[in-house]
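Report on one structure; see the data block that follows.
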Amino acid sequence: MHQVSGRVCAYRSLVRPDCEQFRSSNTEEERNKFRSDPKSLLAHEKDIEVQANGIWGTFYSDSEMQRLLDGFTSKWEVGCRCVTPGGPYMIAIQKEIVDVHFTAVERITEDGVVGADGKERKVDTIACTTGFDVTYKPRFPVVGKNGVNQHDKWKDTPESYLGLGAPDMLNFIMFVEPTWLVENGSGSVVGPLLGVSEDASQIFKNNAKGTN
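Plus 4 on top of the position in the sequence shown (first one is 1) and you've got our numbering.
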């Protein structure tokens, strides 16, 4: 029996995270290679040094990695809310052009977004995701052509162009808008979602180029 009084913090491998399992020694094939190829042995030793010297951030308090870990650790049971697609999402947020900020949106300005932390971050395009208001009416002012307010326009009968765009809203795009293709009996969810994504991407590209 292994009785633990507190929590356990375990590493898969401290200095070689790419190992399939912990090994206390090298295989005979690896040893022979090290004997015959000194450069290979040196590269192996340097690799271990790099891995070992790269763990010091683990011991720092309030580090950037700890902030990200706290933000990516859910405070609710998995399943009671939508689960973020892990693979593509985790790859995307690690790109150099992406900054992750765990703060609610306080307001939207002409240049970007102001978070609950009081900081304004400038952006070119705003994509609003999640939410549980199924009435389609925006919770924030969305004013389009000729001063049309989306909230008022969709107050009684929400309308859209096959769930892609709305009348008088030239650059306002939503996923699963009113009269979305699935609601019209297309029978597919992935197809229409992909179509909206492709159309939205093309619109963003055209706006960036200044074309129609």
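Idealized CB from N, CA, C, for every residue including glycine.
The structure displayed is predicted, hence computed values, not measured ones.
Cβ pair count under 8 Å reaching 3, the stretch 164 to 177 against the stretch 139 to 154:
yes
Cβ separation of Pro182 and Gly167, assumed to be a contact under 8 Å, to the nearest whole Å
Residue mapping note: residue 182 aligns to position 178 of the sequence shown, counting from 1. Residue mapping note: residue 167 aligns to position 163 of the sequence shown, counting from 1. That pair is a contact at about 7 Å.
Output the distance between the C-alpha atoms of Gly199 and Val186, rounded to the nearest integer angstrom.
Counting from 1 along the sequence shown, the entry for residue 199 is found at position 195. Counting from 1 along the sequence shown, the entry for residue 186 is found at position 182. Near 12 Å, if we compare the C-alpha coordinates of Val186 and Gly199.
Give the DSSP bridge partners of Arg111, in chain order.
For the purposes of this step, residue 111 is identified with residue 107 of the sequence shown, where counting begins at 1. Answer by DSSP bridge pairing, in chain order: Val118.
Leu73 to Val104, Cα distance in whole Å?
Taking the sequence shown and counting its residues from 1, one reaches residue 73 at position 69. Taking the sequence shown and counting its residues from 1, one reaches residue 104 at position 100. Cα to Cα, Leu73 sits roughly 12 Å from Val104.
Anyone know if the C-beta pair for Ser44 and Lys37 falls short of 8 Å?
By one-based count along the sequence shown, residue 44 stands at place 40. By one-based count along the sequence shown, residue 37 stands at place 33. It is a contact, given that the beta carbons lie within the stated cut-off.
Lys123 versus Asp115 - alpha carbon distance
For this step, residue 123 is matched to residue 119 along the sequence shown. For this step, residue 115 is matched to residue 111 along the sequence shown. Each residue's alpha carbon lies about 12 Å from the other.
Considering Ile52, what are the terminal residues of the alpha helix (DSSP H) in which it resides?
The count along the sequence shown starts at 1 and reaches residue 52 at position 48. Pro42 to Asn57 is the span of the alpha helix (DSSP H), which, as asked, contains Ile52.
Exposure label - Gln25; buried when at least 16 CB within 10 Å:
In the sequence shown, counting from the first residue as 1, residue 25 sits at position 21. Because Gln25 carries a pLDDT of 49, less than 50, the predicted location of this residue cannot be relied on, and the following value inherits that uncertainty. With fewer than 16 other Cβ atoms within 10 Å, it is exposed.
How about Ile177 and Ile130: are their beta carbons less than 8 Å apart?
Residue mapping note: residue 177 aligns to position 173 of the sequence shown, counting from 1. Residue mapping note: residue 130 aligns to position 126 of the sequence shown, counting from 1. No, these two residues do not count as a Cβ contact at 8 Å.
Locate the alpha helix (DSSP H) running through Lys79, then write down its first and last residues.
In the sequence shown, residue 79 corresponds to position 75, counting from 1. No alpha helix (DSSP H) contains Lys79, which DSSP labels as neither H nor E.
Quick check on DSSP: helix, strand or coil for Glu181?
Numbered from its first residue, the sequence shown carries residue 181 at position 177. DSSP, read as helix, strand or coil, puts Glu181 in coil.
Considering Lys126, what are the terminal residues of the beta strand (DSSP E) in which it resides?
On the sequence shown, residue 126 is found 122 positions in, with the first residue counted as 1. Taken as a continuous stretch (DSSP letters only), the beta strand (DSSP E) holding Lys126 covers Glu124 to Lys126.
So, helix, strand or coil for Leu174, using DSSP?
Counting from 1 along the sequence shown, the entry for residue 174 is found at position 170. Strand at Leu174.
With distances taken Cα to Cα, identify the nearest neighbour of Asn211 among Gln55, Val109, Asp128 and Thr161.
Translated into the one-based positions of the sequence shown, residue 211 becomes position 207. Of the listed residues, the one whose Cα sits closest to Asn211 is Asp128.
Terminal residues of the alpha helix (DSSP H) in which Gly195 lies
Translated into the one-based positions of the sequence shown, residue 195 becomes position 191. It spans Val194 to Lys213 - the alpha helix (DSSP H) in which Gly195 sits, taken as one unbroken run.
Residue interval of the alpha helix (DSSP H) (run including Asp103):
Sequence index remark: in the sequence shown, residue 103 carries index 99 (1-based). First-last for Asp103: undefined, no H or E at that position.
If Ala108 sits next to Ala120, beta carbons under 8 Å apart, how far is it from one beta carbon to the other, in whole angstroms?
Along the sequence shown, read from residue 1 onward, the residue named residue 108 stands at position 104. Along the sequence shown, read from residue 1 onward, the residue named residue 120 stands at position 116. So it is a contact: roughly 4 Å between Cβ atoms.
So, using beta-carbon positions, are Gly75 and Phe106 closer together than 8 Å?
One-based indexing of the sequence shown puts residue 75 at position 71. One-based indexing of the sequence shown puts residue 106 at position 102. Yes, they are a contact pair.
Is it buried or exposed for Lys159, if we count other Cβ within 10 angstroms and need 16 for buried?
The residue you call residue 159 lines up with position 155 of the sequence shown. Exposed: under 16 other Cβ atoms inside 10 Å.
Gln154 lies in the alpha helix (DSSP H); which residues open and close that run?
Within the sequence shown, the letter at position 150 stands for residue 154. Residues Gln154 to Lys157.
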